[in-house]
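Data block below; observations after.
There are 6 protein chains.
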Amino acid sequence: MSVPKLTLTKVVAVALEEDVGRGDVTTEACVDAALTSSARVAARERLVFCGTEIAAEVFAQLDVRVRVEPHVADGAWLEKGAAALTLHGPARSLLHGERVMLNFAQRLSGIATMTRAFVDALPAGTRTRITDTRKTTPGLRALERYAVRCGGGHNHREDLAAAVLIKDNHVAASGGVTPASRRARARAAHTSKVLCEVDSMAQLAEALEAGADIVMLDNFADDQLPAAVKLVAGRALIEVSGRVSLERIPMIARAGIDVISVGALTHSARAVDLGLDWQ
Amino acid sequence: MSVPKLTLTKVVAVALEEDVGRGDVTTEACVDAALTSSARVAARERLVFCGTEIAAEVFAQLDVRVRVEPHVADGAWLEKGAAALTLHGPARSLLHGERVMLNFAQRLSGIATMTRAFVDALPAGTRTRITDTRKTTPGLRALERYAVRCGGGHNHREDLAAAVLIKDNHVAASGGVTPASRRARARAAHTSKVLCEVDSMAQLAEALEAGADIVMLDNFADDQLPAAVKLVAGRALIEVSGRVSLERIPMIARAGIDVISVGALTHSARAVDLGLDWQ
Amino acid sequence: MSVPKLTLTKVVAVALEEDVGRGDVTTEACVDAALTSSARVAARERLVFCGTEIAAEVFAQLDVRVRVEPHVADGAWLEKGAAALTLHGPARSLLHGERVMLNFAQRLSGIATMTRAFVDALPAGTRTRITDTRKTTPGLRALERYAVRCGGGHNHREDLAAAVLIKDNHVAASGGVTPASRRARARAAHTSKVLCEVDSMAQLAEALEAGADIVMLDNFADDQLPAAVKLVAGRALIEVSGRVSLERIPMIARAGIDVISVGALTHSARAVDLGLDWQ
Amino acid sequence: MSVPKLTLTKVVAVALEEDVGRGDVTTEACVDAALTSSARVAARERLVFCGTEIAAEVFAQLDVRVRVEPHVADGAWLEKGAAALTLHGPARSLLHGERVMLNFAQRLSGIATMTRAFVDALPAGTRTRITDTRKTTPGLRALERYAVRCGGGHNHREDLAAAVLIKDNHVAASGGVTPASRRARARAAHTSKVLCEVDSMAQLAEALEAGADIVMLDNFADDQLPAAVKLVAGRALIEVSGRVSLERIPMIARAGIDVISVGALTHSARAVDLGLDWQ
Amino acid sequence: MSVPKLTLTKVVAVALEEDVGRGDVTTEACVDAALTSSARVAARERLVFCGTEIAAEVFAQLDVRVRVEPHVADGAWLEKGAAALTLHGPARSLLHGERVMLNFAQRLSGIATMTRAFVDALPAGTRTRITDTRKTTPGLRALERYAVRCGGGHNHREDLAAAVLIKDNHVAASGGVTPASRRARARAAHTSKVLCEVDSMAQLAEALEAGADIVMLDNFADDQLPAAVKLVAGRALIEVSGRVSLERIPMIARAGIDVISVGALTHSARAVDLGLDWQ
Amino acid sequence: MSVPKLTLTKVVAVALEEDVGRGDVTTEACVDAALTSSARVAARERLVFCGTEIAAEVFAQLDVRVRVEPHVADGAWLEKGAAALTLHGPARSLLHGERVMLNFAQRLSGIATMTRAFVDALPAGTRTRITDTRKTTPGLRALERYAVRCGGGHNHREDLAAAVLIKDNHVAASGGVTPASRRARARAAHTSKVLCEVDSMAQLAEALEAGADIVMLDNFADDQLPAAVKLVAGRALIEVSGRVSLERIPMIARAGIDVISVGALTHSARAVDLGLDWQ
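Structure below.
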């Protein structure tokens, strides 16, 4: 469930370069090189934590002498005041990395916490999935997808090559859902699924006819969902997308939808409040 | 007021690699290479736009044949329904770059719009500045600082090398505000200002005595501000920081504070709603 | 059907760095900077050409003044002696790039030519696909996949994230095909297909029961195929893999197999003979 | 005799990025993180092995806990069924790196095995060298040169800066072998040798007159070689190039040629058959 | 006082790539892999040493088995014949890294030694600083700034973003020192100082009036300095720049100037003589 | 005679990143974006100019609208006050690139000017070469080698792979000049020359016997040179190295030495004085 190691290495290197690449003049002046210290990363509000692996990578790159001691696994609830992890090592290095580490952890924990709220809104017993979208922060997609998983969500396709997704523009350019589907199947690997976004019952019927593996109901009204589910009749997975609010989750799940994709998980989660308590 | 060109190039390259680095199988299958098209980037809510330069860079890297025609400058208000820019070029390339371009523009316009709200909350006639902090998205600092400027805000120090900022840990490690200041001045370039974070009137007095160029009042209560301003008496710039809400801005500005730094501008602005209208 | 632009740029840059990164002392000494020339990339044997896009990128990076004039599209048959493209420009730049361009074109045309032989071995009217595998040259996967497409083949999954492929080790570690499938479905995106490699009829039955989207018959004997196809009965795509020779292609296709994956296309195609004829 | 460390690091990083950069969804789902395993890299045919250093680098980058235990040195013959090395470590990491490691080892061992066949074709007692050319796989030159050395061969010049090599185009552009030589000597470092490709006895005489350090006989007929050797009379090294088959090696060596360069070693060696046996 | 770790890593990697990226054919041929050795980096003239951190990084990247034993700290005087550090490890690795390590150390020690001469020329009791400028070697700025600090000097602004420095062109383009100052203050962060270069007493008066934090007297004659100091009267720091020779240092310092910036420290220091003594 | 394009691109990118990567706050504040300007790069002392190609690359990367108009070719003498080139374009971009461009040009012109002095010290009619060494600035080797050529000098081997150079340590580790030579020949490409450093007539004799292509007389006294030349008798090129001063050049050349290598050309040339005159 972890972040791919090679990506993590690159993203953290960029972040450190950005903040401490040219040095930390205050710390080097005021803090003796020999001073060691400990500090706790603590929740200042209730939240789902996501940041242990990232913290470990931040300090591994800055100073191998820093030891990162986790108290919870990524994905766990943290009560207000509780500590996610404790850092031990040269005080200079802890200060060099503090902001970068918190910038990652606050943002990713914010995503995990918001995702958890959506997942917890699913009625007991449904098999509906909450997923992210491609509306992620440029450069941080792999990390944000990981945060969504930490919150109990699932991921959507990773990029434009990961599956076929036929949207209105593709339909228009190909002359209809059926020719678009046929062209896509002919070009895509046999290992790729074909998704088709539809905005009406007629389009839905055509997509099913064309053999879509997944149909995406775009901005369907609540009362259209049962008819859509009935029409599909198990021939494809059904996904609902388009500005889905937390309040609508139980209704959509109960209608028998397989997947609800929520762009806000990654584009609009606020950072949660984490701080560093020195000891 | 632009983003440094070299940074822009690198950040956009990473984002494109992430989303279209391995190709866009749907578009290549369904859309003919010879098809050209136009599309408008339009506001789906009222917002301050920030994204013209980024859009230009996204498409310059993807396909030099795409022409980006701006209708407003970055930093302008856009009414709901209005277009920020129009793209002209091969339909395939517009589709390849659509998501990456919108991911940037929605996020940065979100920051610009939130910043504008804080700036507009300043009473007429005050010279108080609203600034960002170092609580930016890892990898996107230069772009987010630009978005803050587009919203009428100002920037704080760019990184740990850009100025001296003495915090409680530095004070503790140096044996007090005065020795911390002296050590920092001795080490820092003469071109660097010295900022000192204080959490009490006593510390404020000591920081002024030590010759701080800027004093940062951390989590001071509203009714402490007048006394603090009086004590400083023009000897240093005064900055207020620490979870400042929009409601408190007029009061703080009227108290005579020079700078209000707001972390939420970059760590918790929600993405605003922008879409691509095909023509 | 092209190579992703960003990948092409990086791969060509590495190749040029390797061969001409430190200069071309002979050409700089012996050839005047002002001399211009033309040269034809010509086939010295019958082959399927793949190299026009790559040649264009090689010379775009070396010297924008070089003009690459294609005579055939990638994927076309070229008779012995025929020219694929003509280069026009400064003689120095043509000489600087000659070897790198030919190294790419000979290798990729070799893959395209071999793929074409496998595709042409399919009986008329079958819908069986010839595909590559992940046994590609390190660093050149995207280009080699493109070459396979130029030869009329299709691609398999791109990398370890592009689809679920359950092999014997995964089965052993999970306690069977069924639990492996369940764990994979739970973790993978709903947009991912699940492939299951099987080496017996019993395993095949279990994979179908577990809902595999694609079953891969690994080293099945020729006379086992009809029974396998009958057992599957359209519930999954059927792929045959494992050292498939050209001779066996018609038989396998006639048995009703959907996909034949051939590692040799990318790991053992010999370079075809292309040369540069100066004019 | 090893691969330069810095190059090895970069090439392996690219290969891992390509195959596992976005994760390995099957293994993460099906294999427990705590499971450890051992696996042998075994020859499925008789071959000269080349891959120990590469395997070590692959797993060092993926997971430092994997231990690579070599059973033979690079360059040794491996009988069918024998193991080249054993891997010990977390099963997940072994699965993540399996394909990349084999892709390198099969290709490089293929080159080493083919080179060994050419070297073993040299008559006992001759001092003739078998060398590679610059017809290497883009991006893998340093590794393929290493594989050639593992097979008992030698390397030719590394790139366009490594020595002067005057070909027909340089001769044409300079007005003859003599002026080309003079221009090259004047420009090249005194530490560079000058090679001159010749296609006739007349050109050979001129090259010797011009002081070439090495003369390259391009596509000379077998019966021309003795006269050429006699003409040179020890004044230069003599190299034979141009589609040299294995069968011609003994004859060429006996004629007294110093160097035979064989492009096929790197552009057309087939991958040999290596597999991973889990234990 | 150290070089930022991330920069050091990158600069050393480039230098090693440049010199040993393609291998060291002589050492690999002549020196057995098992041979270990020790060697002292020794001063062949009296100098201020700067190179311990760099040597450690060079060998850490080349071969972790090499141990770097420092005898003095960076910034210490080294008498002729004395050793700065001793290297222990595989003889091959010591030979691979010898030249790169010395190229760094000779150059940086040259800068440190020259800086020390300027600093030692300051009269006892003055608080004047000797600083570098932005006239550094492209790519090595962070290291050269460190060398200046090792020599007892201070640094000037790091780059074009680190502070505002108004020069004659900015004045001309803005319509005067006062408007240039106002525009700069409005745009720059409140954490940035404003420097103003002046070439006459009139400009100096205007700069002070405009509130410059630092005034830079460009090519002022010696006898103008007292009047300038008197005019400033503590309202700004005073810097003298422009081809300042060692001989003028005491006079300038005694005039009460705060900062003397010396471009020659980084653009024209000669390399000092360091060698490697094998043991 | 130019710098390899790919290297030039990378080196200039690093230099720009270092100085203007984060922006140029002063210029953006004070200079209108629409203002265009012209400026001459002028010599403030007599010098051999080297910087036209570099200036072109600096401004190509910063702003393609800047036009670089050269008045002399690299390598030409420039009298005090004369202009090497004129820049035309947006004033902002000229200011952004001014310092980086001058930092390159002053340093490289310094090398070219010093090299020219050594070359001009050669007596008329001798064929002795002045060359550089590997004692170059880390990261700038290709540019400094170019500057040496612009000054009329020649280059030595480029890096540790470019030729075999047997030094005392290699001799010691191999058991003598003869075995060192034999091992090196066996391992190195047949296209590599073998250089042997000798410090006595006895070693010189042994090196010749072993077939060295070039013998390097290390710190030989002036009166030893004629005997050395006599002993060599045309069997090898003779190089003199080791702290050679300008005064000794005529004598060494007259003794019949082929090559004089001078480390100071690249490690200790002072920057010459170039400035930008705005028009």
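Chains as they are written, first to last, in this note's numbering: chain A, 1324 to 1602; chain B, 1324 to 1602; chain C, 1324 to 1602; chain D, 1324 to 1602; chain E, 1324 to 1602; chain F, 1324 to 1602.
Every residue, glycine too, gets a C-beta built ideally from N, C-alpha and C.
Predicted, not measured: the structure shown is a model, and the values here were computed from it.
Check: Note the first and the last residue of the continuous beta strand (DSSP E) segment covering F:P1549.; Outcome: Taken as a continuous stretch (DSSP letters only), F:P1549 belongs to no beta strand (DSSP E), being part of the alpha helix (DSSP H) at 1548 to 1555.
Check: Comparing alpha-carbon positions, which option in F:A1576, F:I1580, F:D1596, F:L1588 lies nearest F:P1446?; Outcome: F:A1576
Check: Across which residues does DSSP place A:C1519 in a beta bridge pair?; Outcome: A:I1489, A:V1538
Check: For D:P1549, which residues from the same chain have a beta carbon less than 7 Å from its beta carbon, with the 5 sequence-adjacent residues on both sides left out?; Outcome: A1578
Check: What residue range is occupied by the uninterrupted beta strand (DSSP E) comprising B:A1405?; Outcome: Where B:A1405 is concerned, there is no enclosing beta strand (DSSP E), given that its DSSP letter is neither H nor E.
Check: Does any C-beta atom of chain D lie closer than 7 Å to the C-beta of C:A1338?; Outcome: yes
Check: Which bits of chain B does C:T1449 rub up against, with CB to CB less than 7 Å?; Outcome: By Cβ distance, chain B contributes nothing, its closest Cβ being about 22 Å from C:T1449, past 7 Å.
Check: Helix, strand or coil for A:V1343? Go by DSSP, reduced to three states.; Outcome: helix
Check: Of the choices E:L1339, E:Q1429, E:S1584, E:D1386, whose alpha-carbon is the least far from that of E:A1366?; Outcome: E:Q1429
Check: For a contact defined as C-beta to C-beta under 8 Å, what are the partners of C:E1481 on chain B?; Outcome: R1345
Check: Is the stretch 1583 to 1597 of chain F touching the stretch 1456 to 1469 of chain F in the sense that three or more CB pairs, one from each, lie closer than 8 Å?; Outcome: yes
Check: Between E:S1523 and chain F, is the shortest Cβ-Cβ distance under 7 Å, so that the two count as touching?; Outcome: no
Check: Along the stretch 1461 to 1476 of chain F, what residues have a CB closer than 9 Å to any CB found in chain E?; Outcome: P1461, G1462, L1463, R1464, A1465, L1466
Check: In chain order, what residues of the same chain have a beta carbon less than 6 Å from the beta carbon of C:K1490, not counting five sequence neighbours either side?; Outcome: E1520
Check: Which residues does DSSP pair with A:L1410 in a beta bridge?; Outcome: A:A1362, A:V1391
Check: Our contact map puts A:H1493 next to B:T1349 with C-beta atoms below 8 Å; I'd like the distance itself, whole angstroms only.; Outcome: 6 Å
Check: Out of A:R1422, A:S1523, A:L1410, A:G1474, which has the shortest C-alpha to C-alpha gap to A:L1431?; Outcome: A:G1474
Check: With a 10 Å radius around its C-beta and 16 neighbouring C-beta atoms as the bar for buried, classify A:S1325 as buried or exposed.; Outcome: exposed
Check: So, are the CB atoms of D:G1412 and D:T1438 less than 7 Å apart?; Outcome: no
Check: How long is the line joining the alpha carbons of E:D1536 and D:R1415, rounded to whole angstroms?; Outcome: 60 Å
Check: Hey, does C:F1372 have any beta-carbon neighbour from chain D nearer than 7 Å?; Outcome: no
Check: Compute the Euclidean distance between the alpha carbons of E:L1527 and B:F1441, then round it to the nearest angstrom.; Outcome: 38 Å
Check: Which runs of the alpha helix (DSSP H) fall wholly inside the stretch 1564 to 1597 of chain B and span at least 4 residues, in chain order?; Outcome: 1572 to 1577, 1587 to 1590
Check: In the DSSP assignment, find the unbroken alpha helix (DSSP H) run with E:R1369 in it and report its ends.; Outcome: Careful: E:R1369 lies outside any alpha helix (DSSP H) and carries neither H nor E.
Check: Please identify, using Cβ separations under 7 Å, the residues of the stretch 1490 to 1514 of chain A that lie next to chain C, in order along the chain.; Outcome: A1512, H1513, T1514
Check: Spell out the partners DSSP gives F:D1600 in its beta bridges.; Outcome: F:R1363
Check: Would you mind stating whether D:V1371 and D:W1400 have Cβ atoms separated by less than 7 Å?; Outcome: yes
Check: Please list, in chain order, the chain F residues whose beta carbon lies closer than 8 Å to that of E:W1400.; Outcome: What E:W1400 touches in chain F: nothing, since even the nearest Cβ is about 21 Å away.
Check: Hey, is B:P1327's beta-carbon within less than 7 Å of any beta-carbon in chain F?; Outcome: yes
Check: Which two residues bound the contiguous alpha helix (DSSP H) that contains B:T1349?; Outcome: 1348 to 1353
Check: For the pair the stretch 1416 to 1426 of chain D and the stretch 1383 to 1403 of chain D, tell me if three or more CB-CB distances fall below 8 Å.; Outcome: yes
Check: With DSSP as the reference, label D:T1449 as helix, strand or coil.; Outcome: coil
Check: Just how far apart, CA to CA, sit E:T1409 and E:E1402?; Outcome: 16 Å
Check: What number of angstroms, rounded off, separates the C-alpha of F:L1339 from the C-alpha of A:G1420?; Outcome: 26 Å
Check: Below 7 Å on C-beta distance, what does E:V1582 contact in chain B?; Outcome: H1513
Check: State the start and end residues of the unbroken alpha helix (DSSP H) segment that holds A:S1504.; Outcome: 1500 to 1510
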